[in-house]
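Colleague: Chains as they are written, first to last, in our numbering: chain A, 28 to 195; chain B, 28 to 195.
1. So which residues of chain A does residue 125 of chain B contact, with C-beta pairs closer than 7 Å?
2. Output needed in chain order: residues of the stretch 87-121 of chain A with a Cβ under 8 Å from some Cβ in chain B.
3. With a threshold of 7 Å between beta carbons, is residue 137 of chain A in contact with chain B?
4. How long is the line joining the alpha carbons of residue 83 of chain A and residue 108 of chain B, rounded to whole angstroms?
5. By the three-class DSSP mapping on this structure, what secondary structure does residue 181 of chain A have?
6. For residue 139 of chain B, collect the residues of the same chain with a Cβ closer than 6 Å to its Cβ; drop the 5 residues on either side in sequence, then sort them by chain order.
7. Would you report the Cα separation of residue 152 of chain B and residue 40 of chain A, rounded to the nearest angstrom?
8. Could you name the residues of chain A that residue 80 of chain B contacts, counting a contact when the two beta carbons are closer than 7 Å?
9. Use the C-beta contact count for residue 143 of chain A: other C-beta atoms within 10 angstroms, 16 or more gives buried, fewer gives exposed.
10. Is any beta-carbon of chain B found at less than 7 Å from that of residue 169 of chain A?
11. In three-state DSSP terms, what is residue 111 of chain A?
12. Counting only beta-carbon separations shorter than 7 Å, does residue 73 of chain B have a partner in chain A?
13. Kindly indicate which three-state DSSP category residue 146 of chain A falls into: helix, strand or coil?
14. Helix, strand or coil for residue 74 of chain A, going by three-state DSSP, please let me know.
15. Is the beta carbon of residue 184 of chain B sitting closer than 7 Å to the one on residue 61 of chain B?
16. CB-CB under 8 Å to residue 28 of chain B, same chain, minus the five flanking residues each way: which ones, in chain order?
17. Mapping DSSP to helix, strand and coil, what is residue 151 of chain B?
18. Verify whether the separation of the beta carbon atoms of residue 71 of chain A and residue 175 of chain A is less than 7 Å.
19. Within 6 Å: the Cβ of residue 121 of chain B and any heavy atom of the ligand FAD?
20. Just to make sure I have the definition right: I need the residues of chain B whose C-beta is within less than 9 Å of the C-beta of residue 191 of chain A. Which are they?
21. For residue 133 of chain A, does the count of other Cβ atoms within 10 angstroms reach 16, so buried, or fall short, so exposed?
22. Between residue 39 of chain B and chain A, is there a C-beta pair that is closer than 7 Å?
23. Please report how far the alpha carbon of residue 58 of chain B lies from the alpha carbon of residue 111 of chain B, in whole angstroms.
24. Who pairs with residue 123 of chain B in a beta bridge, going by DSSP?
25. For residue 30 of chain A, which beta-bridge partners are listed by DSSP?
26. Per DSSP, what kind of secondary structure is residue 38 of chain A in: helix, strand or coil?
27. Would you say residue 155 of chain B lies against chain A (beta-carbon separation less than 7 Å)?
28. Leaving out five residues before and five after residue 85 of chain A in sequence, what residues of the same chain have Cβ atoms less than 6 Å from its Cβ?
29. When you compare only the Cα positions, how much space is there between residue 160 of chain A and residue 37 of chain B?
30. Reducing DSSP to helix, strand and coil, say where residue 166 of chain B ends up.
31. Among A:194, A:135, A:162, whose alpha-carbon lies nearest the alpha-carbon of residue 149 of chain B?
32. Going along chain A in order, which residues have a C-beta closer than 8 Å to the C-beta of residue 173 of chain B?
33. Express the C-alpha separation of residue 102 of chain B and residue 130 of chain B in angstroms, rounding to a whole number.
34. Check this for me: beta carbons of residue 171 of chain A and residue 166 of chain B, under 7 Å apart or not?
35. How many angstroms separate the CA atom of residue 67 of chain A from the CA atom of residue 79 of chain A?
So, in C-alpha cells, the structure goes:
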C-alpha cells in the first residue's frame, strides 16, 4: 500500500515537465500572437538578480534528472544549458523526458534509505533517498516549474492553475 | 522500505509551512527596516488578476489541511481567510501547524487507494489518496509557497533558495 520511491519521482517529474512544456507552448503562442520577440519572454526575470525563464526550465530539468541519477546511482546525463528559444527549451524538456522514461523502476525502488550525496559549490550535502526526494528534489522541482509559470503569467500569457497542475 | 502516506503529507507540509513562516518573518523585518507599509507587501501581486501574498499563504494553508482532512476523512477545520498583516498570517500558519501536528498517523496511512473527492466550484474531482497527494496537493502546496517567496523576492526582500528549502 505504501508508495514506492520510483512512483514518488519519475512519474511526478514526467507529469510536471509535460505541464511545463504545455505552459511554454502557450508562452510561444502568446509571443507570436502579440508580435513580441519570444526571447524577451525566455529571458524574463522576476527581479534583476533572479534567474530568467530559460534557466528556470534548465533548473527544473536538472532537478528531475539529478534526483533520479543520484538516487539510482546512474551515469550523469550532461545537458550544457545553452537553450535560449522556446524551441530550444522544448528540446531540453524532450531530452529530459526521454531520459526519465528510460530509467528502470528497479534502479529507484528500494533506495529509500540509501545514502545520496548532493555535490554543490557550497559543499556536499548528504541525504537518504527518501529525504532527498521529500525535502529537496520535489519542492525544488515544483519551485522552478512554478517560477516559469509565474514569469509567463506576469508577462501576460493567459495561464491558470490547471495549466500548472495539468488538469484535475 | 516504501514510504507511508503520512510521511508523504504531514511532515512535508509542516516543513513547508515552517519555511514559509521564516520567509514571512524576513518580509516583515524588511518592511520595518525600509519603512515600507507592511500591507503593501502582504497585498503584493505578480500581476493584477493574481492572488496577493496574503491569499497565497491562505491557499498554502488550505492545500495542506485540506489534503489531510480529505485523505483522513477528518472533520473540516474552517479558517475564514481574514488575514491581512504579517502577524495575522503567522497566526494562520500556527493554527495550520497545530492542526497538522494533531493528525494521528493511523488516519492517513493505508489510505493510498481510498477514494478522495475534491469539491470545487467547477464540480467534484475524484482521486485516490496517493494520486491526490502526488498529482494535486503536493504540487499545489509547493506552488503557493513558491508564489509567496516570489512576491517577497520581487519586492526586494533578501531571500535565497535555502529560505524556501529550509536548509539542505
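All residues carry an ideal CB built from backbone N, CA and C; glycine is no exception.
Modeller: With the structure as the only source:
1. Residue numbering aside, residue 125 of chain B sits at position 98 when the second chain is read from its first letter. By Cβ distance, chain A contributes nothing, its closest Cβ being about 22 Å from residue 125 of chain B, past 7 Å.
2. none
3. Locating residue 137 of chain A in the first chain gives position 110, counting from the first residue. Judged by the 7 Å Cβ criterion, residue 137 of chain A is in contact with chain B.
4. For the purposes of this step, residue 83 of chain A is identified with residue 56 of the first chain, where counting begins at 1. For the purposes of this step, residue 108 of chain B is identified with residue 81 of the second chain, where counting begins at 1. Cα-Cα distance, rounded: 31 Å.
5. Mapped onto the first chain, residue 181 of chain A falls at position 154. If DSSP states are grouped into helix, strand and coil, residue 181 of chain A belongs with the helices.
6. If you number the second chain from 1, residue 139 of chain B lands on position 112. The answer, listed in chain order, is 32, 156, 157.
7. Here residue 152 of chain B is taken as the residue at index 125 of the second chain, counted from 1. Here residue 40 of chain A is taken as the residue at index 13 of the first chain, counted from 1. Whole-angstrom Cα-Cα distance: 22 Å.
8. Reading the second chain from its first residue, position 53 is the one you call residue 80 of chain B. Near residue 80 of chain B there are no residues of chain A at all, since even the closest Cβ is about 13 Å away, more than 7 Å.
9. The residue given as residue 143 of chain A occupies position 116 in the first chain. The residue is buried, with at least 16 neighbouring Cβ atoms inside 10 Å.
10. As a working mapping, residue 169 of chain A is identified with position 142 in the first chain. Chain B contact via Cβ: present.
11. For the purposes of this step, residue 111 of chain A is taken as residue 84 along the first chain, with counting starting at 1. In the displayed model, residue 111 of chain A falls within coil according to three-state DSSP, outside both helix and strand.
12. Working through the second chain from its first residue, we reach residue 73 of chain B at position 46. Residue 73 of chain B counts as touching chain A.
13. Reading the first chain from its first residue, position 119 is the one you call residue 146 of chain A. Residue 146 of chain A falls in the strand class under three-state DSSP.
14. Position 47 of the first chain, counted from the first residue, corresponds to residue 74 of chain A. In this structure, residue 74 of chain A counts as coil in the three-state DSSP scheme.
15. By 1-based counting over the second chain, the position of residue 184 of chain B is 157. By 1-based counting over the second chain, the position of residue 61 of chain B is 34. Taking 7 Å as the Cβ cut-off, residue 184 of chain B and residue 61 of chain B do not qualify as a contacting pair.
16. Numbered from its first residue, the second chain carries residue 28 of chain B at position 1. Closer than 8 Å at the Cβ level, and outside the excluded window around residue 28 of chain B, lies no residue.
17. Working through the second chain from its first residue, we reach residue 151 of chain B at position 124. In this structure, residue 151 of chain B counts as strand in the three-state DSSP scheme.
18. Along the first chain, read from residue 1 onward, the residue named residue 71 of chain A stands at position 44. Along the first chain, read from residue 1 onward, the residue named residue 175 of chain A stands at position 148. No. Outside cutoff.
19. You won't find the ligand FAD in this model; it holds no ligand whatsoever.
20. As a working note, residue 191 of chain A is residue 164 in the first chain. Under the 9 Å cutoff, chain B gives 166, 167, 170.
21. The residue you call residue 133 of chain A lines up with position 106 of the first chain. Answer is exposed; the Cβ neighbour count stays below 16.
22. Along the second chain, one-based indexing puts residue 39 of chain B at 12. With 7 Å as the cut-off, residue 39 of chain B counts as an interface residue toward chain A.
23. In the second chain, the residue the question calls residue 58 of chain B occupies position 31. In the second chain, the residue the question calls residue 111 of chain B occupies position 84. For residue 58 of chain B and residue 111 of chain B, the distance between alpha carbons rounds to 14 Å.
24. Position 96 of the second chain, counted from the start, is the residue given in the question as residue 123 of chain B. DSSP output for residue 123 of chain B lists no bridge partner at all.
25. Your numbering for residue 30 of chain A matches position 3 in the first chain. B:30, per the DSSP bridge assignment.
26. If you number the first chain from 1, residue 38 of chain A lands on position 11. Three-state DSSP puts residue 38 of chain A in a helix.
27. Working through the second chain from its first residue, we reach residue 155 of chain B at position 128. Contact with chain A is absent for residue 155 of chain B, since none of that chain's Cβ atoms lies less than 7 Å from the residue's Cβ.
28. Along the first chain, one-based indexing puts residue 85 of chain A at 58. 108.
29. Here residue 160 of chain A refers to the residue found at position 133 when the first chain is read from its first residue. Here residue 37 of chain B refers to the residue found at position 10 when the second chain is read from its first residue. Each residue's Cα considered, the two are about 15 Å apart.
30. Taking the first residue of the second chain as position 1, residue 166 of chain B is located at position 139. Residue 166 of chain B falls in the helix class under three-state DSSP.
31. Indexing the second chain from 1 puts residue 149 of chain B at position 122. Nearest C-alpha to residue 149 of chain B: A:194.
32. The count along the second chain starts at 1 and reaches residue 173 of chain B at position 146. Near residue 173 of chain B (Cβ distances below 8 Å), the residues of chain A are 169, 170, 173, 174, 177.
33. Taking the first residue of the second chain as 1, we reach residue 130 of chain B at position 103. Taking the first residue of the second chain as 1, we reach residue 102 of chain B at position 75. If you take the alpha carbons of residue 130 of chain B and residue 102 of chain B, they lie about 11 Å apart.
34. In the first chain, counting from the first residue as 1, residue 171 of chain A sits at position 144. In the second chain, counting from the first residue as 1, residue 166 of chain B sits at position 139. For residue 171 of chain A and residue 166 of chain B, no; Cβs fall outside 7 Å.
35. Working through the first chain from its first residue, we reach residue 67 of chain A at position 40. Working through the first chain from its first residue, we reach residue 79 of chain A at position 52. Those two C-alpha atoms are separated by around 10 Å.
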